[in-house]
Amino acid sequence: MTRQTQSAETANSKPVLRLEGIVKTFPGVRALDGVSFDVVPGEVHALMGENGAGKSTLMKVLGGIYQPDEGRILVGEQAVVMTSPLQAKSKGIVFIHQELSLANELTVAENVYLGELPRKSFGRVDWQKLYAQTNEILAKLKVGFNAKTRVGDLSIANQQMVEIARALTVDAKAVIFDEPTASLTDAEKVVLFDVIADLQAQGVGIIYISHRMEEIFKITDRISVLRDGQYRGTLVTDQTNEDEVTQLMIGRKLDLSRNASHHELGKVAIEVRGLSCGGLFQDVSFEVREGEVLGFYGLVGAGRTEIAETLFGLREPTAGQILVRGEEVHIHSPSDAIARGISLVPEDRKEQGLVLTMSCRDNMTLPQVEDLKAGPFVAEGAEIAIFDKYRDSLDIRTPGWRQLVGNLSGGNQQKIVIGKWLSMHPSVLIVDEPTRGIDVGSKAVIHELIRDLAAQGYAVIVISSEMPEVLHVSDRIAAMYSGKLMRTFSSEEVSEDGLIQAISGLSSDKVAA
Amino acid sequence: MPQITKASIGRFVARQGILIAFVLFMVGFTFANQRFLAPENVMGVIRSSAILGVMALGVTFVVISGNLDLSVGSMMSFSTIVVLDLHDKLGPTLAIPAMFAMTLCLGAIIGFLVGYLKLNSLIVTLGMLSAIHGLTLTYSGGKNMDIVDKEGTWFSVFGQGDALGVPVPILMFLGLAALLGIVLAKTPFGRKIYAVGGNGVAATFSGIRRPRVILSCYLISAFCVATAGLLQASRSLGSQNTVGQGLELEVLAAVILGGASLLGGSGTIFKTVIGVLILGFIQNGLLLVGLQFYAQYVVTWVIIILAVWLDIAAKRGKLLSPIA
Numbered sequence: 010m011t012r013q014t015q016s017a018e019t020a021n022s023k024p025v026l027r028l029e030g031i032v033k034t035f036p037g038v039r040a041l042d043g044v045s046f047d048v049v050p051g052e053v054h055a056l057m058g059e060n061g062a063g064k065s066t067l068m069k070v071l072g073g074i075y076q077p078d079e080g081r082i083l084v085g086e087q088a089v090v091m092t093s094p095l096q097a098k099s100k101g102i103v104f105i106h107q108e109l110s111l112a113n114e115l116t117v118a119e120n121v122y123l124g125e126l127p128r129k130s131f132g133r134v135d136w137q138k139l140y141a142q143t144n145e146i147l148a149k150l151k152v153g154f155n156a157k158t159r160v161g162d163l164s165i166a167n168q169q170m171v172e173i174a175r176a177l178t179v180d181a182k183a184v185i186f187d188e189p190t191a192s193l194t195d196a197e198k199v200v201l202f203d204v205i206a207d208l209q210a211q212g213v214g215i216i217y218i219s220h221r222m223e224e225i226f227k228i229t230d231r232i233s234v235l236r237d238g239q240y241r242g243t244l245v246t247d248q249t250n251e252d253e254v255t256q257l258m259i260g261r262k263l264d265l266s267r268n269a270s271h272h273e274l275g276k277v278a279i280e281v282r283g284l285s286c287g288g289l290f291q292d293v294s295f296e297v298r299e300g301e302v303l304g305f306y307g308l309v310g311a312g313r314t315e316i317a318e319t320l321f322g323l324r325e326p327t328a329g330q331i332l333v334r335g336e337e338v339h340i341h342s343p344s345d346a347i348a349r350g351i352s353l354v355p356e357d358r359k360e361q362g363l364v365l366t367m368s369c370r371d372n373m374t375l376p377q378v379e380d381l382k383a384g385p386f387v388a389e390g391a392e393i394a395i396f397d398k399y400r401d402s403l404d405i406r407t408p409g410w411r412q413l414v415g416n417l418s419g420g421n422q423q424k425i426v427i428g429k430w431l432s433m434h435p436s437v438l439i440v441d442e443p444t445r446g447i448d449v450g451s452k453a454v455i456h457e458l459i460r461d462l463a464a465q466g467y468a469v470i471v472i473s474s475e476m477p478e479v480l481h482v483s484d485r486i487a488a489m490y491s492g493k494l495m496r497t498f499s500s501e502e503v504s505e506d507g508l509i510q511a512i513s514g515l516s517s518d519k520v521a522a
Numbered sequence: 003m004p005q006i007t008k009a010s011i012g013r014f015v016a017r018q019g020i021l022i023a024f025v026l027f028m029v030g031f032t033f034a035n036q037r038f039l040a041p042e043n044v045m046g047v048i049r050s051s052a053i054l055g056v057m058a059l060g061v062t063f064v065v066i067s068g069n070l071d072l073s074v075g076s077m078m079s080f081s082t083i084v085v086l087d088l089h090d091k092l093g094p095t096l097a098i099p100a101m102f103a104m105t106l107c108l109g110a111i112i113g114f115l116v117g118y119l120k121l122n123s124l125i126v127t128l129g130m131l132s133a134i135h136g137l138t139l140t141y142s143g144g145k146n147m148d149i150v151d152k153e154g155t156w157f158s159v160f161g162q163g164d165a166l167g168v169p170v171p172i173l174m175f176l177g178l179a180a181l182l183g184i185v186l187a188k189t190p191f192g193r194k195i196y197a198v199g200g201n202g203v204a205a206t207f208s209g210i211r212r213p214r215v216i217l218s219c220y221l222i223s224a225f226c227v228a229t230a231g232l233l234q235a236s237r238s239l240g241s242q243n244t245v246g247q248g249l250e251l252e253v254l255a256a257v258i259l260g261g262a263s264l265l266g267g268s269g270t271i272f273k274t275v276i277g278v279l280i281l282g283f284i285q286n287g288l289l290l291v292g293l294q295f296y297a298q299y300v301v302t303w304v305i306i307i308l309a310v311w312l313d314i315a316a317k318r319g320k321l322l323s324p325i326a
């Protein structure tokens, strides 16, 4: 069902970049299967698709890292063969990568002109020219730092601005942003969007790759969707909606409606009274019952993750009490927390959740490996039984337990981490950013899973920066702002406006949980 | 029929490079000197590799846990000198446990600094290399150590004895290898070592007490060093106080040759034993073809570089790459 829609406005101007029938095959996989779309000057063109849909491969073809088997790339009117990112840059095609590649110890100017510093006689660097040129570019970006600032001293958002400045050293025709807001706060996003709007005004064509629907609908003009390497169509943003885009991406309809529990709640599983941890969060009180999902919503840095880390023994509280099943507990380490029945599915799956060099089974049984003993040895049979159980109940797709976790997709990796903690039968399961970096299809599965766990009687705390997610999975929502729990909303009280006010510090009527 | 291209050859060399190099060496040595594969020579190589091998077993634990131990050479000198000195003062029955206890104390200090204070293991063990050397010299007053009554002691059994026709050092090396191999591969403790080395943060997030695991690895390393010191002292019944100097690099070369990654999280005892034997045969072969003994130091370094390069090359699937 390939659809092509073009607005009158975009059809008129000549594209700065056009892809025609790009095909790229790897042994056994048709990674790109006839992808065609174009970007016109002054347009923000979203490129969407689930993980594995072919976005990265397409970008590598554009950057000259892969050569397409069929099809051609046109810059302006002219067909080009890309051989390297540097050559793509010389044609005016510039990439802003998700993972920044800057030299922290060098100045902004040195980074912007890395590898192409202006020279004087005898190969000496022309510092004057370097700083002047850099400041000129920075002025266009309206940033609050100058050419001589050390890059390591900048925030992530400002470092991204340095990357953008780097892009502007050439006469950019098309700039490609790959998940640019992944690590930005809301305020920083606003600045980034301003810069994108400026580039737009200068007639640059922009390809914007992101999973985040809100942003896509806020700043883009058209949306092209890939699925399984195939081009599924281009939609005009004004004339479509999230449901339609999602359907195009995953080929089915996704239910993102509110989803409060219908089952009876059990006893209080965990209660927190006046918990503080230095300057990170203060006087936080809440309780979670068995069978209930409490969502924590707030901006990055509001103290949500820090609360989770304190409950899990990674930080020492400076005041307050934690009660598990009505009994006060003192937690000084993760092993204390685990012994008290508190489990944490951490924010950063690859850094904190998994040992990527170990097998699926070994990762899943890691917290209880000491308890699974046959004599002095690990009882491998019992381990495999646990793995099989959670592979089946969580629908983990892996060739077998020997598979290294590093080879699984993001969604399946997350399920391994969830299975790891469920197999501990925790009293409280804390899930921090459960769907970060996971594609839309797997997201829905994880959400369903969290609801299921509540229905089975688990007390679950979900921390999320995505409002649709927190609305979808939670029975109640605790809104945090700057280290304080502003308000806890019940499912009847909650509204998007109310939540936004609370996490921006606007609501003063603090209601205890 | 699979295509043979330059890239596929590169990949193969990158993956199997150590084995290829080893086979080439062996073939070359066999042609150069008929004695190379003679049973006496093979047994001799294994026997002379035993001391290095025992130390490599312990260092394997440390490397898998994601750390380094460069102090094993000078710690071995320490153990050797201490046990020789105490032999005449306390008698062998007390000297051996006393030496083990003292060596384990050194391991505990390193384990505490690296595990609990989270100091860089390279710096800590490099410092300990020098500190223990100083300790040994102070203890011995700078003199060599000898057992007075060399004929009348049963102490020589560890280094010189035979059991069932096999030299005791080989039995101790292989016995310890079997024991530690099982500990590493089959016990919860072994599993935790791989987790700590593979991703220390994730291990902590799984409730594993990382400092304790790291301390344990250094204790195992110290135990192995003490065993090596015992074998060394018993073999010669007298020793210079620099007997273990430079062994730390050879041990590390053997461990890396076996395929343990310096990044931690991978490697096995079996592979380390293979690495020890490869190193032993190469050094022996070079002697047989008439290279000076001192050339071994250069060769060891070349082997380390080759092993590290091939380890990285195997990960990225080609021999040379513009990015790391």
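If you read the protein sequences in the order shown, they are chains A and B.
Following my numbering, the numbering of the first sequence begins with 10 at its first residue and continues without gaps.
Following my numbering, the numbering of the second sequence begins with 3 at its first residue and continues without gaps.
Glycine is no exception: its CB is placed at the ideal position from the N, C-alpha and C atoms.
With fewer than 16 neighbouring CB atoms inside 10 Å of its own CB, G248 of chain B falls in the exposed class. No Cβ of chain B is located within less than 7 Å of the beta carbon of T407 of chain A. Look at the stretch 363-392 of chain A: the residues with a C-beta under 8 Å from a C-beta of chain B are L363, V364, L365, T366, M367, D371, L375, P376, V378, E379, L381, K382, P385, F386 and V387.
Rounded to the nearest whole angstrom, the C-alpha separation of V364 of chain A and G415 of chain A is 8 Å. Counting only runs of 4 or more residues that sit fully inside the stretch 218-295 of chain B, the alpha helix (DSSP H) segments are 249-259 and 271-290, in chain order. Across the stretch 242-258 of chain B, no CB contact with chain A closer than 8 Å is found for any residue. With contacts defined as CB atoms closer than 7 Å, K33 of chain A and V70 of chain A qualify as a contacting pair.
With respect to the 7 Å criterion, L86 of chain B and S241 of chain B are classified as neighbours on the basis of their beta carbons. Put simply, the stretch 259-274 of chain B touches the stretch 64-76 of chain B. At least three CB pairs are less than 8 Å apart.
Ranked by Cα distance from L375 of chain A, the first of B:F114, B:L232 and B:G202 is B:G202.
Assigned with DSSP and collapsed to three states, Y240 of chain A falls in strand.
Nearest Cα to G242 of chain A within the set A:E251, A:I232 and A:N250: A:I232. Between G200 of chain B and M367 of chain A, the CB-CB gap stays under 7 Å. Under the Cβ criterion of 7 Å, I215 of chain A is not counted among the residues facing chain B. In summary, the residues of the stretch 330-354 of chain A whose CB is separated from some CB of chain B by less than 9 Å are S342, P343, S344, D345, A346, I347, A348 and L353, in the order they occur in the chain. Rounded to whole angstroms, the Cβ separation of A487 of chain A and G310 of chain A is 16 Å, and the two are not in contact under 8 Å.
Look at R298 of chain A here: in three-state DSSP terms it is strand. Interface with chain A (7 Å Cβ-Cβ cutoff): A315 of chain B is excluded. Cα atoms of E52 of chain A and Q137 of chain A: separation of roughly 35 Å, rounded to the nearest angstrom. Around the C-beta of M45 of chain B, fewer than 16 other C-beta atoms lie within 10 Å, and the residue is accordingly described as exposed. For the 7 Å CB-CB criterion, V277 of chain A and R298 of chain A form a contact. For D187 of chain A, the enclosing beta strand (DSSP E) stretches over residues A183 to D187. Taking 7 Å as the cut-off, the Cβ atoms of I149 of chain B and M77 of chain B do not count as close. Counting along the chain, Y490 of chain A sits inside the beta strand (DSSP E) bounded by residues R485 to Y490. In the DSSP assignment, K227 of chain A falls outside any beta strand (DSSP E) and within the unbroken alpha helix (DSSP H) covering M222 to I228. Distances from the alpha-carbon of S65 of chain A to those of A:E114, A:V204 and A:I216 put A:I216 closest. Here the alpha carbons of A40 of chain B and A391 of chain A stand approximately 48 Å from one another.
Going by DSSP, Q87 of chain A is part of the beta strand (DSSP E) stretching over Q87 to V89. In this structure the stretch 180-197 of chain A lies against the stretch 212-230 of chain A, because at least three pairs of beta carbons, one per stretch, are closer than 8 Å. Excluding the 5 residues flanking it on each side, A309 of chain B has same chain C-beta neighbours closer than 6 Å at I258 and L259, in chain order.
About 20 Å separates the beta carbons of I172 of chain B and R37 of chain B, which is beyond the 8 Å limit, so they are not a contact pair. Between L72 of chain B and S219 of chain A, the alpha-carbon positions lie close to 47 Å from each other. Counting along the chain, E79 of chain A sits inside the beta strand (DSSP E) bounded by residues E79 to V84. Secondary structure note for L88 of chain B: its alpha helix (DSSP H) is the uninterrupted segment V74 to L92. Per DSSP, reduced to three states, the secondary structure at F102 of chain B is helical.
Along the stretch 122-204 of chain A, the alpha helix (DSSP H) occurs as fully enclosed runs of 4 or more residues at 136-150 and 165-176, listed in sequence order.
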